[in-house]
Amino acid sequence: MALLIDDIKNELHFVGKYWRMSGRPTICILIREEHMRDVHFKEMLDLLAMLKKGDCDGLKIRTGRLQNLISSSCIEHLDFLHLLSPDDLPNIEAFQQLEHASLGYQSLTDIPKAIIYNEPTYDFKEFQQRSSRDILEALSSTDTLHGQSQLLGILYFREGPNFWTENGTVKERLERLTRQAGALRHWSVVRYCSSVLRKLVDSISPNITSILVCGKQITVGVFGHEEVVIDKPLTPKEVEEIIYSKCQVHDIYQAVLQQEIILYVGRLISTTPQLFQGILKIRIGWVLQAMILHMKFLSTSPPPLESLSPSELRKVLYRVLTLSDNGTNSLLTIHQRRQIEGALCRVPKNFYDRVWDIMTRTSEGIIVEGYHLPQQPTLTEMTVYDLKFATEVEMFLSRVALPEYRQILVELIMVVYLILERNPELSFNATIDMNKLVEEAFIMYQKDNGGDHEGDMSQFFDSPTTITASYLARAVMNHLLKCAPEQSYSRELCCVS
Numbered sequence: 001m002a003l004l005i006d007d008i009k010n011e012l013h014f015v016g017k018y019w020r021m022s023g024r025p026t027i028c029i030l031i032r033e034e035h036m037r038d039v040h041f042k043e044m045l046d047l048l049a050m051l052k053k054g055d056c057d058g059l060k061i062r063t064g065r066l067q068n069l070i071s072s073s074c075i076e077h078l079d080f081l082h083l084l085s086p087d088d089l090p091n092i093e094a095f096q097q098l099e100h101a102s103l104g105y106q107s108l109t110d111i112p113k114a115i116i117y118n119e120p121t122y123d124f125k126e127f128q129q130r131s132s133r134d135i136l137e138a139l140s141s142t143d144t145l146h147g148q149s150q151l152l153g154i155l156y157f158r159e160g161p162n163f164w165t166e167n168g169t170v171k172e173r174l175e176r177l178t179r180q181a182g183a184l185r186h187w188s189v190v191r192y193c194s195s196v197l198r199k200l201v202d203s204i205s206p207n208i209t210s211i212l213v214c215g216k217q218i219t220v221g222v223f224g225h226e227e228v229v230i231d232k233p234l235t236p237k238e239v240e241e242i243i244y245s246k247c248q249v250h251d252i253y254q255a256v257l258q259q260e261i262i263l264y265v266g267r268l269i270s271t272t273p274q275l276f277q278g279i280l281k282i283r284i285g286w287v288l289q290a291m292i293l294h295m296k297f298l299s300t301s302p303p304p305l306e307s308l309s310p311s312e313l314r315k316v317l318y319r320v321l322t323l324s325d326n327g328t329n330s331l332l333t334i335h336q337r338r339q340i341e342g343a344l345c346r347v348p349k350n351f352y353d354r355v356w357d358i359m360t361r362t363s364e365g366i367i368v369e370g371y372h373l374p375q376q377p378t379l380t381e382m383t384v385y386d387l388k389f390a391t392e393v394e395m396f397l398s399r400v401a402l403p404e405y406r407q408i409l410v411e412l413i414m415v416v417y418l419i420l421e422r423n424p425e426l427s428f429n430a431t432i433d434m435n436k437l438v439e440e441a442f443i444m445y446q447k448d449n450g451g452d453h454e455g456d457m458s459q460f461f462d463s464p465t466t467i468t469a470s471y472l473a474r475a476v477m478n479h480l481l482k483c484a485p486e487q488s489y490s491r492e493l494c495c496v497s
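Here's what the structure looks like:
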């Protein structure tokens, strides 16, 4: 319900801000009985009361009967209809009035609320090795939504959507199960069935376009596995093929969860673009990993993401994006904050400009995770403000597997820039291998704090920025001294007047 209310408010403000046609925009809000049964329907009533008063968060609203608003509305004439033959026109039938034996509900508050549905969940992986006959027998004796969805999913992938069961085909039963689980708000079953049926959320292509228009890129793929970069608008069919080919094979729920995150990011970036400041490439799988980590760090037994309602999922996303402003930052350790920030792929302000400045002082370029970004022809073919250069930088950062290690690399790059900026006579005469610099810094940290340098880096990741920066700076200076030429630097820089 909270998600629906936010969507209504966002749509109203969007139309109010960008409406340029003659007449007033007329919006119709459809409220269903399932909305009235929601436990949070009172929030919808508060919104309707706000609209009735004529104000929605500072936006002037006028409500009334449709026939009274038509005269001042924007009327669009369908001039193209005369080009179609009568046979090509859609056959539109009027709705029939339903006959009720009773007067129905006397008040909106009289509608009974939906009951919170709970059921035990079991592991059905063993049925992957069982015959289809055994699965059908188990299906006939299973009454839980979770169990039915799991067994039907196995049959769907093994026998196909048209495989006949006791109560219809597998596809038909999955469709019914989706509607039933939706009415009972059993979100994990809804997402599982939707993924099996390869469903696609509405308006995903326009939301992808909204993200791209803001100068961002999107990657789709499960955390720790192959990702696909989306840097141009795609049709819904192309989006479906990318998402299900890259996500479903590794995590069946992520094929649907990633669609939801794209939808929420597209809406948030249109209304509050500052949430994505410092994030050039929005890696959807890594964003979900940041959400999982956030819930894990703040709760002893967090529910899985697939079991959250759409509004709860959106709230978790918002809390992760506003981590430094919502007060939960102080509840996390330094290591945990690095994990979340690294998973969001957020970088400091002017970060890519700093990398450019480093490249100008590095004759052989930079290496990260085996990816070499050479000085030439990079500097001659690109400019400091070129989006292509920022994309190249993100390319080698995307090769890092651990979010916290990526964050340390970002800190290292800032340290290198500060050293070069404050010492204009210095430059790198050999390739900068960022991974080796981090390794050398960690070895020095282990020597000073005891322990084997080949051990776990968790303690290093959990150290404050002032401490990690000092060891990173020592590693950078050691590298500069090793690759320094035998001759001294320019006499002009060393002369005393």
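Residue 1 is where the sequence shown starts when you use the UniProt record's numbering, and the numbers rise one by one after that.
Glycine is no exception: its CB is placed at the ideal position from the N, C-alpha and C atoms.
Per DSSP, which residues does residue i bridge with? Please list them.
i, result
"aspartate 433", "Ile367"
"histidine 372", "Ile367"
"phenylalanine 428", "Thr362"
"serine 330", "Its beta-bridge partners do not exist; DSSP assigns none."
"aspartate 55", "Lys60"
"glycine 168", "Thr165"
"valine 406", "It should be noted that the sequence gives arginine, not valine, for residue 406. DSSP lists no partner for arginine 406."
"lysine 125", "DSSP, once it has assigned bridges, lists no residue as partnering lysine 125."
"valine 73", "A small fix is needed here, since residue 73 is serine in this sequence, not valine. The partner list for serine 73 (beta bridge, DSSP) reads Arg24."
"arginine 283", "Thr219"
"isoleucine 230", "Ile218"
With a cut-off of 8 Å on the beta carbons, I'd call residue i and residue j a contact; round off their distance for me.
i, j, result
"threonine 178", "cysteine 193", "4 Å"
"residue 504", "leucine 145", "Any property of residue 504 remains undetermined from this structure, which presents the chain solely from 1 to 497."
"leucine 412", "leucine 472", "5 Å"
"proline 25", "valine 15", "5 Å"
"glutamine 248", "serine 330", "38 Å between Cβ atoms; not a contact."
"leucine 197", "leucine 174", "6 Å"
"alanine 2", "glutamate 43", "7 Å"
"residue 499", "leucine 379", "Residue numbering for the chain in the displayed model covers 1 to 497; residue 499 lies beyond these limits and cannot be assessed."
Among the options, which residue has its Cα nearest to the Cα of residue i?
i, options, result
"phenylalanine 460", "Gln407, Ser309 and Ser140", "Gln407"
"valine 213", "Tyr318, Leu379, Met434 and Ile230", "Ile230"
"glutamate 425", "Pro464, Met457, Leu480 and Met395", "Leu480"
"histidine 153", "Ile252, Glu93, Arg133 and Met414", "Checking the displayed sequence, the identity of residue 153 turns out to be glycine instead of histidine. Out of Ile252, Glu93, Arg133 and Met414, Ile252 has the C-alpha closest to the C-alpha of glycine 153."
"valine 347", "Ser22, Val410 and Pro310", "Val410"
"alanine 441", "Asn423, Asn449 and Thr468", "Thr468"
"serine 463", "His335, Glu172, Gln446 and Val256", "His335"
"glycine 147", "Leu280, Thr121 and Ile31", "Thr121"
"alanine 475", "Asp202, Met444 and Asn449", "Met444"
"histidine 13", "Asn207, Lys52 and Lys60", "Lys60"
"aspartate 57", "Lys125, Leu69, Thr26 and Ile5", "Ile5"
"asparagine 429", "Ile70, Pro374, Ser203 and Tyr385", "Pro374"
"arginine 338", "Thr209, Met457 and Met21", "Met457"
"tyrosine 405", "Asp353, Ile340, Phe351 and Gly450", "Ile340"
"leucine 418", "Phe276, Arg319, Asp357 and Arg130", "Asp357"
"isoleucine 75", "Leu47, Ile27 and Ser363", "Ile27"
"asparagine 10", "Thr271, Thr362 and Thr391", "Thr271"
"proline 303", "Pro310, Ile292 and Ser311", "Ile292"
"tryptophan 19", "Val416, Ser73, Arg65 and Tyr318", "Ser73"
"aspartate 143", "Ala181, Phe157, Lys246 and Glu172", "Ala181"
"serine 307", "Val256, Asp353, Lys281 and Phe351", "Val256"
"serine 398", "Ser141, Lys246, Gly370 and Lys349", "Gly370"
"cysteine 483", "Thr431, Asn435, Lys436 and Val438", "Thr431"
Here's the rule: buried if 16 or more other CB atoms are within 10 angstroms of the residue's CB, otherwise exposed. What is residue i?
i, result
"tyrosine 489", "Its pLDDT being 48, under 50, tyrosine 489 is placed unreliably by the model, and nothing is read from it."
"proline 403", "buried"
"cysteine 345", "buried"
"residue 542", "The chain is shown from 1 up to 497; residue 542 falls before or after that span and cannot be answered."
"serine 497", "Interpretation of serine 497 is limited by its pLDDT of 49, a score under 50 that renders its predicted location unreliable; the figure taken from the coordinates is listed afterwards. Burial call: exposed."
"alanine 401", "exposed"
"phenylalanine 41", "buried"
"histidine 186", "buried"
"glutamate 137", "exposed"
"valine 355", "buried"
"alanine 183", "exposed"
"isoleucine 204", "buried"
"glutamine 277", "exposed"
"arginine 32", "exposed"
"glutamine 254", "buried"
"threonine 362", "buried"
"alanine 49", "exposed"
- Inter-stretch contact at 8 Å, needing at least 3 Cβ pairs: the region 229-249 / the region 289-308: no
- Query: Is the region 263-275 touching the region 200-217, taking contact as three or more C-beta pairs under 8 Å?
  - Reply: yes
- Are the region 329-345 and the region 279-291 touching by the rule of at least three beta carbon pairs closer than 8 Å? yes
- Would you check if the region 157-166 and the region 124-140 touch, i.e. whether three or more CB-CB distances between them fall below 8 Å? yes
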